[in-house]
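Protein chains in written order, with my numbering: chain A, 215 to 484; chain B, 215 to 484.
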């Protein structure tokens, strides 16, 4: 049972809230029941450690069940340890104020650009210059919900392993192929090679969403939550699409606009 | 120029972050450029005070422009004063960490249930037991964007004048009729009188969104962001509709689901 909130281990886990520490360690932090459950279901081999609030397991028996399922899943020569902690230790390790009794330390799951675009994708999502973690995570969740084939996050965007992004994906991070860190020029070139039409989504667009052909393979290109896409990025796309506004609202936020565009793609393809 | 961060005025404005103080004063706080701009455009007569960060006006000339337009708009016998403040005073009055140089204190704009349902509405949004301010505000913004005729927020939901709700509506609070504080039974009875079909939106629904008839008048009924709608509320509706999930995501968040449902309504009606 880990009870010392000042131990090196606690400090090392807590440091994973910072991008530099994540990149140095090649690890990131996963907080909360729903996210950890999906991690155990979809990528159990990427988990290095599970930390469990021993008291919380009395109120939430599913927590112990989850960790046991992960341990049962081990290869014959592999040993998987779950660390019981005090609530204080768990809180100290976390980015969030409510760690919900369990956190994991896991290895990245992103894949190379060629890999996420292999296999004739029908539609994918490209994020560029997205800085807000909640918006980025919600778009990944929306891509998952609509059955998108991949999410590609450019090098100018928030780190997908930022704890706030991880939380707001609610597990979608492990549900579909994700690429990060590529330059937007390379992303566009590879999308073209994969036969995808590039639709920029931006409130300044002149093409309305209901008029876009979405039954053929395509990529949605989404930009910064405050200022949208840069002119040169819009120009590199095949069209600039806007979600129609029927009332007096000036705009939608990024997560809303992305969800509407992605459901239009799903509707056209299913 | 107001510079004393401990004055009674500063304390009274700051207190509007609390529901009890808002109800006692009959006033609420509006923070940020976009929200204040929309307030001035759509409901200038409800503004009691505008507080301006005198230094911020040098960086953002649109702030002074906004306040001047409000003053020009006054009735002949009405006098409208703008209070210049120090940045510290503005920060002290605010709920947010970035007040963006301007805040307003304004009177409520909600209307009676009969009033928001008058005039043969085509579709409206009913929120019940919604507790998260960001979700509530985003749904109001989505209702505005899709041209909904009204938003009705039941008495069991977050206060629409909570500063976080006001911020996340980004001005939509003044763009369409909003009713608050009615009991869900009364809301449903009045919606029936207005000829609206009641569609409950919930992940447990058996009717898929693309199969719902949305060209006839209807109300979308949306529930709590964590546990959805109560069984008795679902049963009081004509059907329970779920947004299809094509991937491995377990669900959408309330704001995403509402946006998709509302755009389906707008698409069917425009």
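Glycine included, C-beta positions come from ideal geometry on N, C-alpha and C. Computed from a predicted model, the values in this text were never measured in an experiment.
Where residue i sits in the DSSP three-state scheme
i	result
residue 425 of chain B	helix
residue 402 of chain A	helix
residue 438 of chain B	strand
residue 190 of chain A	No answer is possible for residue 190 of chain A: the residues shown for chain A start at 215 and end at 484.
residue 395 of chain A	strand
residue 475 of chain B	helix
residue 254 of chain B	helix
residue 319 of chain B	strand
residue 245 of chain B	strand
residue 230 of chain B	coil
residue 387 of chain B	helix
residue 456 of chain A	strand
residue 482 of chain B	helix
residue 222 of chain A	helix
residue 298 of chain B	strand
residue 239 of chain A	helix
residue 408 of chain B	coil
residue 270 of chain A	helix
residue 463 of chain A	coil
residue 450 of chain A	helix
The alpha helix (DSSP H) enclosing residue i, as first and last residue numbers
i	result
residue 381 of chain B	377-383
residue 303 of chain A	301-307
residue 276 of chain A	275-286
Cβ-based burial, residue i [other Cβ within 10 Å; buried from 16]
i	result
residue 399 of chain A	exposed
residue 336 of chain B	buried
residue 242 of chain B	buried
residue 218 of chain A	exposed
residue 469 of chain A	buried
residue 284 of chain A	buried
residue 281 of chain A	buried
residue 215 of chain A	exposed
residue 434 of chain B	buried
residue 180 of chain A	What is shown of chain A runs 215 to 484, which leaves residue 180 of chain A out entirely.
residue 364 of chain B	buried
residue 432 of chain B	buried
residue 414 of chain A	buried
residue 484 of chain B	exposed
residue 353 of chain A	buried
residue 245 of chain B	buried
residue 196 of chain B	Any question about residue 196 of chain B goes unanswered here, given that chain B covers just 215 to 484.
residue 402 of chain B	buried
residue 252 of chain B	buried
Residue interval of the beta strand (DSSP E) (run including residue i)
i	result
residue 411 of chain B	411-415
residue 266 of chain B	261-267
Determine which residues of the stretch 351-367 of chain A have a Cβ less than 9 Å from any Cβ of chain B, and write them out in chain order.
-> Listed by position along the chain: 352, 355, 356, 357, 358, 359, 360, 361, 362.
Chain-ordered residues of the stretch 385-397 of chain A with a beta carbon less than 9 Å from chain B | Those residues of the stretch 385-397 of chain A that come within reach of chain B (Cβ to Cβ, closer than 9 Å) are 385, 386, 388, 389, 390.
Members of the stretch 444-461 of chain B that neighbour chain A once the beta carbon cut-off is set at 9 Å = Cβ contacts with chain A: 457, 458, 459, 460, 461.
Name the residues in the stretch 282-309 of chain A whose C-beta lies less than 7 Å from a C-beta of chain B; which are they?
-> Within the stretch 282-309 of chain A, no residue has a Cβ that lies closer than 7 Å to any Cβ of chain B.
Enumerate, from N- to C-terminal direction, the unbroken alpha helix (DSSP H) stretches of 4 or more residues contained entirely within the stretch 314-364 of chain B.
-> If we require 4 residues or more, the alpha helix (DSSP H) runs fully inside the stretch 314-364 of chain B come out as 327-330, 347-359.
In chain order, what residues of the stretch 396-418 of chain B put their CB closer than 9 Å to some CB of chain A?
-> Of all residues in the stretch 396-418 of chain B, none has a Cβ within less than 9 Å of some Cβ in chain A.
Give, in chain order, every residue of the stretch 241-257 of chain B whose Cβ lies closer than 7 Å to some Cβ of chain A.
-> So the list is empty, because no residue satisfies the distance condition.
Scan the stretch 466-481 of chain A for residues whose Cβ lies nearer than 8 Å to a Cβ of chain B and list them as they occur along the chain.
-> Listed by position along the chain: 466, 467, 469, 470, 473, 474, 477, 480, 481.
Select from the stretch 417-439 of chain A all residues with a C-beta closer than 7 Å to any C-beta belonging to chain B, and list them in chain order.
-> For the stretch 417-439 of chain A, which is checked against every Cβ of chain B, the residues closer than 7 Å are 424.
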